[in-house]
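Working notes, beginning with the structure itself.
In UniProt numbering, the protein residues as written are 1 to 173.
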């Protein structure tokens, strides 16, 4: 993908291309290394206003049970005990503010809801391409305790307090 030099060309409504979008995460396990995973079921939409980026918006809905780390036992425990997927089946992000901070970088602030708990998060997105849609990349670190993403005191000691969210987003008109 190439990046457009004229943001004004980016106007309209887009939906996430689930085949080319990756919603990943990395958590640190204190006894081992990092645990990497992803969510496989999600949908989202973006409204882009290239003339006035502050009028842009985004929303994302993730199915908590679609968490995958490559280890079935760990996945089942993360879904059940950490995310409470049976009670809280979806994770959502709804933007409340978009601010252009560089020629191709944007801070997207919004409400992130996990386990029924909502807190604001600012995600620094970079426009990475515009061929056949629009592509953005972002990495943001969140403190999992703010959203009650924990099982018990033992796992509080074993699992690092932060989770890095890694977003590679492709949206098409």
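Just so it is clear, CB atoms sit at the ideal spot from N, CA and C, and this is done for glycine as well.
State buried or exposed for residue 56, treating a residue as buried only when at least 16 other CB atoms are found within 10 Å of its CB.
With 16 or more Cβ atoms within 10 Å of its Cβ, residue 56 is classed as buried.
Measuring CA to CA, which of 60, 138, 9 is closest to residue 53?
Taking residue 53 as reference, the option from 60, 138, 9 with the minimal CA-CA separation is 9.
In whole angstroms, give me the CA-to-CA distance for residue 35 and residue 27.
Approximately 5 Å between the Cα atoms of the pair.
Can you give the beta carbon distance from residue 120 to residue 110, rounded, assuming they're within the 8 Å contact cut?
With 8 Å as the limit, residue 120 and residue 110 qualify as a contact, their Cβ atoms being about 7 Å apart.
Leaving aside the five residues before and after residue 4 along the sequence, list all residues of the same chain whose C-beta is less than 6 Å from its C-beta, in chain order.
Confidence at residue 4 is low in this model, with a pLDDT of 48, below 50, so the placement of that residue should be treated as unreliable; the coordinate-derived value is given next. So the list reads 130, once near-sequence residues are dropped.
Roughly how many whole angstroms lie between the Cα atoms of residue 145 and residue 135?
Distance between the alpha carbons of residue 145 and residue 135: 30 Å.
Between the Cα of residue 67 and the Cα atoms of 60, 171, 83, which residue gives the shortest distance?
The shortest Cα separation from residue 67 among 60, 171, 83 belongs to 83.
Mind listing, in chain order, the continuous alpha helix (DSSP H) runs of no fewer than 4 residues lying wholly within the UniProt domain "Lipid/polyisoprenoid-binding YceI-like" (13-172)?
The qualifying runs are 72-77, 153-158.
Tell me whether residue 172 is buried or exposed, calling it buried when 16 or more other Cβ atoms sit within 10 Å of its Cβ.
Exposed is the label assigned to residue 172, since fewer than 16 other Cβ atoms lie within 10 Å of its Cβ.
Excluding the 5 residues flanking residue 147 on each side, which residues of the same chain have their C-beta closer than 6 Å to its C-beta?
Around residue 147: 114, 115, 117.
Assign residue 15 to buried or exposed, taking buried as 16 or more other Cβ atoms, counted over all protein chains shown, within 10 Å of its Cβ.
An exposed status is given to residue 15, since fewer than 16 other beta-carbon atoms sit within 10 Å of its beta-carbon.
Should the region 89-103 be called in touch with the region 157-167, which here means at least 3 C-beta pairs below 8 Å?
By the Cβ test, the region 89-103 is not in contact with the region 157-167, since fewer than three Cβ pairs between them sit closer than 8 Å.
How many Å lie between residue 126 and residue 81 at the Cα?
If I take the Cα positions, the gap works out to 33 Å.
For residue 106, I'd like the list of residues in its chain whose CB is within less than 7 Å of its CB, leaving aside the five on either flank, ordered along the chain.
Closer than 7 Å at the Cβ level, and outside the excluded window around residue 106, lie 53, 98, 99, 100, 125.
If you draw a straight line from the C-alpha of residue 46 to the C-alpha of residue 108, how long is it?
Looking at the two C-alpha atoms, the distance is approximately 11 Å.
Note down, in chain order, each residue of its chain lying with its Cβ closer than 8 Å to the Cβ of residue 92, except the 5 sequence neighbours on either side.
If we look at residue 92 and ignore the five residues flanking it on each side, its Cβ neighbours are 59, 60, 61, 62, 111, 112, 113.
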